[in-house]
Each structure stands twice: as structure tokens, then as C-alpha cells.
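A quick write-up on the structure given underneath.
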Amino acid sequence: MKRISNKLFSAIVAAGVLTLSACGGSSSTLSNTTKKEDVVWQAGTFINDSLLDNLCIGNLNGSALKEKLWLRSWSNDTYLWYNEIDDQDPASFSVSNYFTELKTNALTPSGKLKDQFHFSMSTEEWNLLNQSGASLGFGINYHFQQKDESLNIDREITVSYTDPETPASVENINRGAIIIAVDGVNVAIADDSDSIDTINNGLFPQTQGQEVVLTLQDLGEAETREVTLIAENVVSTPVQNVKTIDTDNGKVGYLQFNSHIATAEKGLVDAVTTLEGEGITDLVLDLRYNGGGLLDLASQLGYMIVGEATADKTFEKLTFNDKYPTTDPVTGRALVPSPFHNQTLGFNAGLLAAGQDLPTLNLTRLFVLTTANTCSASESLMNSLRGIDIEVIQIGETTCGKPYGFYPTPNCGTTYFSVQFKGENNQGFGDYADGFIPSQTPSFESEVQGCVVEDDYSNALGDEAEAMLAAALVYSADETRTCPEVSAGKRAFRPFIPNISDSAFILEDKRPQSVFFNNRIVTTKH
Amino acid sequence: MRIKLFLAYLMATLCGCSSSAQDKLLDQEVLAVIAKPSRQVNEEIQAAVASLLGQKELVIAANAFTKDSSISVERLAHQTVNGQLINGRVTEQPLLINLVKKGKQCFVKNALTGGKIELKHAKCLKLIE
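Chain order of the listed sequences is S and A. Each residue of the first sequence is one higher than the one before, counting from 2 in the working numbering. Each residue of the second sequence is one higher than the one before, counting from 70 in the working numbering.
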């Protein structure tokens, strides 16, 4: 087994044993004959990585050098920008440090690193599974605002949205509520590690039944209130808030799509069926918190929005490095463009069986609401629709800029994520590493007709007064394509999070990450 | 007398049929839902599904199998320090786990492999669609 691809995952699990984490157990064909010292680094010369598979530190025939040379050869073979790697002698690096060197340092046109997606983690952790959308918590999605004394900005935790049928919804906690204190610790002024720990433990519970007392200031209220929440295993609702808005120009549909998880298939089908029945003439798709997930869902949604115009068109085509112009280096299969799916795939066949025709809205344009959290599969949806000349109008902030992907690849107990492919649309476009940027006067392909609007926590999602939706409604109704005025401080591109300078004062979810807890806040002691 | 005998025979036959059909029903595996959800039941389901999938532990929602007889299981949505999904372009198929009832026994079952683990304490009801 040279590499373990995503496609093999189900089969591996089917075998009842998650062998992905296996390290010492498996061995390459040469492991019995390769001695500990018989490999050397030689600039420009690369051993076939399959000969170095799982020759790990501590194994009979393994060594740190072999692990590093495996990384080097594997990167040279499959990394999308392999020819931009500086071929360094691994001797002075640890295995993990050497991996971090095996990437390009080239910049995007805007000046950010082209490859910001170079990761590794223990294979055991990578292989953790959960029920789709399930996590331990309260059903609150938080927005963390960093403290920045130079800009006179306080630390603040705001509820960005909650999920139905969760402790948060039972306590009527809604978007825009500010969490003033956690178990009595004031969020804005917490300035020591004990206080930070208290906040972390409260926001990110470790056990079912754990209680937290939140002091909340609800939207529009001067007074605060205290609520006691009890942590439980909650499940997110990836498609929410489906509604129709009557305008002078017809009915505009709105839906909040938070995550490309299995249960979203039925949610999307139900939503589109409802909106189709309502006879909408425009759709506002709220992707502002959608970081991606199942790519096939994006393809299905593309079909459901557009309909037959997707026939025989490419949803996305993967391109690898120039060593593999026609085949996938991991699966060995010929590179074939993936279509827009027009049927259900049965991601959760118990909810929705595979093979049923999808509903469609037959629209020729789409409004998308975006932030920097809009990423990967969500961007792929935007790109694929633009590729078939559907007018995509972007309202919000620049998306994260991730047209890339990889096959998570394990070696010696660590799973490596190294960019291996880029997704291109029907017109061969996939260069949006700087994200999709809303612009009234787009001049580059990654600039999308639309308006820059900041996320508006002062209104509910789906509320016609919410700034992004309001802008979309104005834009859709006005042939002059008017955007709201952007204040001086509001820009299309906003970096995610400042550098973390003092790890002792980070508010973060230290548990294995889940979709509910997707942010962290940093503070530095002054 | 002959009529009585005939009726007795008929009754016996019908009872036999009925009990045989009942036996067949009892032998059949049917989709099910949890009868009385509780934290203990949820913990038992979590442990069983984890065992079924070779995991040390995993999170199953408190309301799992209370309205539907199936759940999908996916890889944990690992995130970077910036809150982005590490892998936001997923091509793996989620796994499907069903809750099934056979006789009085209740199982979680891997739809792909057919492997199943009995829930010893949780009570199930046949799913009525």
C-alpha cells in the first residue's frame, strides 16, 4: 500500500480496524533489506518514496533520516509546487521541522504566502470520527474579537449564531448576544492565566453535564442576564433559516448554509424544494460561516441552483503538478472532470436515499454572502458557477482563498497535509489563492461583482435589516448595482487572526476541533 | 363433533401460522429508534459505535436515533489555529450507522459492513415511518 487515499477510508473502516494509524506494523518492500544507514541525502536525487514508507524512528530498519527523506521524496513527487521547494540537507532538522521546510515560500499577488495549508498531526488524532455535526457543548457558534489596545478595541465574544434544539436555543440565546462573563470572569478584562482557563473551560466543556454560567447582554438590551447552561452532545443544523422575501422585483429566497456535512444533503434538498415551490426569482445563499466539507454537496447545490444549464459542464477539474498532467498521482486514475451532480448521493441514506432527482431553481444568477470563514468547498461552488457563466454576486468580505486540496497521507504515526492539487472550473480557472474579493469594478478574475460589507452582528441572520442581506436586496433591486457605502475602516480583505504572541493568554478550544468551535481569541498581557 | 374437531384443528392451524409468522417477525431485523433517551443510553450508544468503528471514543448527539434510525459518521472537522478546516474539500463518503431491532435485542449496525454491536441497556422501538 503506497499511500492511503481518502477514497480508501471507508473500506479501511469497513475492515473494522483503523489501520491508518499503523506505523510500525506495515513495512515497505525494502524494509527487510534496507539497513539503518544505507540512505543519504544527495541534492537533486530522490529515492522513490514508496521505498521509504514507514521506516520510522525506533523501527528496526527505520531512522529519522529515512522519515525525512520519505517526506522529501513524497513532496518532490506530489507537492503541487515541488519545484519551488528548496532542497535542503535534512541533517540539521527534526522530522517535523523538516516537513515545514518542504513547501514553497512564494507569495500571492496580494503578498500573502501562497501555501498557507501545510499541516501535520498525529494520525491517531486525524482518524477521530464523530456523528456528522455532533459535538459536546451548548450549540453556540462564537465570534471572538481580539483585544487591541493600540486601536482601543476591547476583547469581546459575540454569539454569531446558535443551532436549534440545543441548550443555547432553549435559553433563547441568539446572534448578537455578547458574553460579558464566563463563570464570573469578565471576558474583557481577564488578564491572568487562571481567568483565561476559567473562560476556556466554560466555553469549551470537557464532559457532558458540565455547567457554565454565562453573563449575557442580549442584542438591544441594556441589562445583562445570567444563564446556566449544561453541556451535552449537541448536533448542528447545517441548513437553517430558509425563507422567502417579497420584493418589488419578485420573491427572493434566502438560506443559511453553514457546513458541507452529510446531513446537509437533505437540508439543502428540502430548502430548495421549498424555495422552488415559492417561485423565487433570486437566491441569497449565506455562506459566511461555511468553511467547506463534502465537495459533492457543493456540486449538488450548484445543480440545484442552476438546473439544466449545468448539463455536460464541469463542476471542477483537479490539476496536479506537471509530473502528472493526466493522472492522479495518488489514486493512479485518469484525471476526469467532475460534473454537477443532479441526483441525491445518499450521504445519510437513512434521511435521504441515493439516486433521486434533485429539485432545481433554474436561476441564472446567485447572491452569496461571504466572510473570511467562507472557504474551500464553498469557494469551489462559487468558482464552478462562474465557470458556467452564472452570474455570482458576492456580498461581504473576501473569502479565505483555498482552491487547493490534498490527500492526507500517513507515515510513521503522523498524517501530512501537503497541497497536491488545485480545483479548476469549467473555464480552467482556479487561481484564487487571495480569495474571492467582492468589487464593484472587478478587474481580475478573482474579483467578483458585488459589495464589501462587514458581518453585522446587530441583526439576526436572514433579517432583511442584516447588513449583508440588506445589501444583496438593494443590489438585486437596483439596475445601477448600488452598494452600501464602505467606511474607511472596512476593507474587503481582513486577515483571519493576528499572530499569537503569548500562548498563556489564548482563549481556545483545546479539545479535538469540531465545527462548533472554530475560533480562538488571543490576548497579551500589557 | 366433527365440526368441533374441525374448528379445533382450524384454530390450532391458525395459531400455528400466527406463531410462525410472529417467530419470523421476531427473527427479522427492523430499523428502530430509542425508546427512552437518556444520558446513560447516549453513552452506551457512543461506546458501541466507537467499538464498531475501532475508535476509542466519539461524539454521538444526545438526540441520535430518537427520530431517525440512522446517523452518518464523518471525520472530525479538524481546524487550524485560524479556525479554517484543515481539509475543507472532503471526498470521503460518510459512514452510515443504523439502529436495528431484532426480537427484543437492539443493535447499532454498520450499514457498509453489516457489523453490529448489541446495546444491552437501551430499549428500542420499531421505527414507524
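Glycine residues also receive a C-beta, built at the ideal position from the N, C-alpha and C atoms.
Counting along the chain, A/Ala101 sits inside the beta strand (DSSP E) bounded by residues Glu98 to Ile103. For S/Gly294, the three-state secondary structure derived from DSSP is strand. Excluding the 5 residues flanking it on each side, S/Val449 has same chain C-beta neighbours closer than 8 Å at Met383, Arg387, Val393, Ile394, Gln395, Phe437, Ile438, Pro439, Ser440 and Pro443, in chain order.
Straight across, the Cα-Cα distance linking S/Cys452 with S/Gly406 is about 28 Å.
Within the segment 223–239 of chain S, Glu233, Asn234, Val235 and Val236 place their CB atoms closer than 8 Å to a CB of chain A, listed in sequence order. For S/Asp198, the enclosing alpha helix (DSSP H) begins and ends at Ser194 to Leu204. Relative to S/Gly254, the option among S/Gln301, S/Asp283, S/Gly278 and S/Glu233 whose CA is nearest is S/Asp283.
Take the alpha-carbon of S/Ile231 and the one of S/Asn173: they are about 14 Å apart.
At a cut-off of 8 Å between beta-carbon atoms, A/Ile140 makes contact with chain S. Beta-bridge analysis with DSSP links S/Val453 to S/Gly397. The Cβ-Cβ distance between S/Gly463 and S/Gln257 falls below 8 Å. Put simply, the backbone Cα of S/Asp88 is about 58 Å away from that of A/Lys189.
Cα atoms of S/Leu53 and S/Leu70: separation of roughly 7 Å, rounded to the nearest angstrom.
Scanning S/Thr483, S/Thr415, S/Gly424 and S/Glu467 for the CA closest to the CA of S/Ser123 turns up S/Thr415.
Of the other Cβ atoms in all chains shown, fewer than 16 fall within 10 Å of the Cβ of S/Val41; this residue is therefore exposed. With the rule of 3 Cβ pairs closer than 8 Å, the segment 349–363 of chain S does not count as touching the segment 332–340 of chain S. Look at the segment 255–283 of chain S: the residues with a C-beta under 8 Å from a C-beta of chain A are Ser260, His261, Ile262, Ala263 and Thr264. Taking S/Met469 as the centre and dropping the five residues before and after it, the same chain places the C-beta of Leu370, Ile396, Gly397 and Val454 closer than 6 Å to its C-beta, in chain order. Collapsing the DSSP output to three states places A/Ile114 in a helix. Scanning S/Gln211, S/Val96, S/Phe100 and S/Ser459 for the CA closest to the CA of S/Ser76 turns up S/Phe100.
The three-state secondary structure of A/Gly123, taken from DSSP, is coil. Only buried fits S/Ser419, as 16 or more other CB atoms lie within 10 angstroms of its CB. Boundaries for S/Ala461: no beta strand (DSSP E) harbours it, and the DSSP string shows neither H nor E there.
For A/Thr160, at least one C-beta of chain S is nearer than 8 Å to its own C-beta. Rounded to whole angstroms, the separation of the alpha carbons of S/His342 and S/Ser377 is 18 Å. Contact annotation: the segment 124–136 of chain A does not touch the segment 148–164 of chain A, with fewer than three C-beta pairs closer than 8 Å.
In the three-state DSSP reduction, A/Lys192 falls in the coil class, being neither helix nor strand.
Under the three-state reduction of DSSP, S/Ile306 is assigned to helix.
Using a C-beta cut-off of 8 Å, the segment 160–169 of chain S makes contact with the segment 230–245 of chain S, since at least three inter-stretch Cβ pairs fall below that distance. Taking 8 Å as the upper bound for CB-CB distance, S/Ala263 and S/Leu295 are in contact here, some 7 Å apart. Under the DSSP assignment, S/Leu284 falls in the beta strand (DSSP E) whose first and last residues are Asp283 to Asp287. A direct Cα-Cα distance of roughly 34 Å separates S/Pro485 from S/Arg226.
Residue range Glu212 to Gln218 is occupied by the beta strand (DSSP E) that includes S/Glu212. Straight-line spacing of the CA atoms in S/Tyr433 and S/Tyr325 works out to 22 Å.
Shown here, S/Ser93 sits in a helix according to DSSP, grouped into three states.
For the 8 Å CB-CB criterion, A/Glu143 and S/Asn131 form a contact.
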